[in-house]
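Residue numbers (my numbering): 1 to 384.
See below:
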């Protein structure tokens, strides 16, 4: 294997005990980081890459996307911008298009969006099923999604038109879960008015837990509801959206290991209030930021946009937002520690590296909307 020392780092964000360093260096060997620290102490390596004073941070960890889909929902977006409220039922439009697409079309679209995200510094991506809603279509979505880092079963995304909710939940908990479970690590449920209520969501999550899957929850997106409480009670790794939280929800998250994953691009696209990130952080909850990239409610793969929004509109500091979009996402996927960890830059971590064309991460919010990615490595391979 060939080792590379990345030197000339003006600001190095490690998300580890080293914290943030100036005048730093980083050494990678194969697919791992093997050293990080002051440039004056950097060990020799086979190759040298000088970033000339630029900032270096872990690659973005996007812990919530929906990338196995076909079609778009431009008309729905335009209607929302004209004043029509967002409703969960719009998912059915994407379900119809996705069912009609070939495997090759779905795989090509997935690869396109992963590559688009990688070009902007995203090096670890979770994605979900959920636009099939039949046993066969959810199974093929799970198999196609295997190109992402993490795959989540979201058969409980919406009750298919013409189906009875409880009967459909029986299918999700039985034949559908049996078919999909070998191909996924996680199970999610859309616990929301217009989708699945608390009892139905509990049935899905408990069935998945019995099958050994980790749990995730879409919760508290459209209104106050039981999603957060259910996620915390069942030990879910994350509850995502968290747009409408009661004080008791904030307290529950702060006292748990469940990550509050905030999806600000989605809230902007659906013209809803942004989550109260400040309340969550001040209470001691772990917060992640993710894109929720999907064709209906958040058609962006830009984690930098999410970070800028969190800083400019959600009262997060740049340090908090960058950590939430790297270490926080990794924590939501339970990948922030151990050998091959993501979202951190330390010896033994996967060599996922994002070099900004800027002297510090502050520029992500200081220059919002400006492409700032200079170079990207994923698992030690340089992508750009």
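Even for Gly, the Cβ is constructed at its ideal location relative to N, Cα and C.
First through last residue of the beta strand (DSSP E) which encompasses residue i
{"i": "residue 193", "result": "Note, residue 193: premise wrong, no beta strand (DSSP E); not H, not E."}
{"i": "residue 181", "result": "It is not in any beta strand (DSSP E) - residue 181 carries neither H nor E in the DSSP assignment."}
{"i": "residue 259", "result": "259-262"}
{"i": "residue 288", "result": "287-289"}
{"i": "residue 23", "result": "20-29"}
{"i": "residue 7", "result": "3-13"}
Residue environment, residue i, which counts as buried when at least 16 other CB atoms sit within 10 Å
{"i": "residue 127", "result": "buried"}
{"i": "residue 108", "result": "exposed"}
{"i": "residue 320", "result": "buried"}
{"i": "residue 1", "result": "exposed"}
{"i": "residue 81", "result": "exposed"}
{"i": "residue 257", "result": "exposed"}
{"i": "residue 201", "result": "buried"}
{"i": "residue 74", "result": "exposed"}
{"i": "residue 48", "result": "exposed"}
{"i": "residue 378", "result": "buried"}
{"i": "residue 210", "result": "exposed"}
{"i": "residue 161", "result": "exposed"}
Rounded straight-line distance, which links the Cα of residue j to that of residue i
{"i": "residue 19", "j": "residue 226", "result": "36 angstroms"}
{"i": "residue 242", "j": "residue 43", "result": "44 angstroms"}
{"i": "residue 238", "j": "residue 54", "result": "33 angstroms"}
{"i": "residue 32", "j": "residue 383", "result": "15 angstroms"}
{"i": "residue 314", "j": "residue 281", "result": "11 angstroms"}
{"i": "residue 21", "j": "residue 50", "result": "16 angstroms"}
{"i": "residue 284", "j": "residue 253", "result": "8 angstroms"}
{"i": "residue 187", "j": "residue 363", "result": "36 angstroms"}
{"i": "residue 117", "j": "residue 163", "result": "35 angstroms"}
{"i": "residue 213", "j": "residue 330", "result": "17 angstroms"}
{"i": "residue 94", "j": "residue 184", "result": "21 angstroms"}
{"i": "residue 367", "j": "residue 311", "result": "12 angstroms"}
{"i": "residue 229", "j": "residue 29", "result": "43 angstroms"}
{"i": "residue 41", "j": "residue 286", "result": "33 angstroms"}
{"i": "residue 371", "j": "residue 158", "result": "35 angstroms"}
Integer-rounded CB distance, given that residue j should sit under 8 angstroms from residue i
{"i": "residue 91", "j": "residue 296", "result": "6 angstroms"}
{"i": "residue 35", "j": "residue 303", "result": "The pair is not a contact, with the Cβ atoms about 26 angstroms apart (cut-off 8 angstroms)."}
{"i": "residue 63", "j": "residue 290", "result": "5 angstroms"}
{"i": "residue 122", "j": "residue 58", "result": "In fact, because the Cβ distance is near 11 angstroms, the residues do not count as touching under 8 angstroms."}
Extent of the continuous alpha helix (DSSP H) to which residue i belongs
{"i": "residue 209", "result": "198-210"}
{"i": "residue 329", "result": "329-332"}
{"i": "residue 116", "result": "103-118"}
{"i": "residue 143", "result": "135-144"}
{"i": "residue 46", "result": "First-last for residue 46: undefined, no H or E at that position."}
{"i": "residue 251", "result": "247-254"}
Nearest residue (CA-CA) to residue i, options the options
{"i": "residue 103", "options": "142, 322, 309 and 342", "result": "142"}
{"i": "residue 261", "options": "139, 347 and 65", "result": "65"}
{"i": "residue 240", "options": "70, 332 and 147", "result": "332"}
{"i": "residue 299", "options": "156, 59, 67 and 38", "result": "67"}
{"i": "residue 359", "options": "289, 52 and 199", "result": "52"}
{"i": "residue 131", "options": "189, 376 and 209", "result": "189"}
{"i": "residue 120", "options": "373, 129 and 9", "result": "373"}
{"i": "residue 37", "options": "266, 347 and 145", "result": "347"}
{"i": "residue 224", "options": "179, 208 and 197", "result": "197"}
{"i": "residue 278", "options": "209, 293, 272 and 245", "result": "245"}
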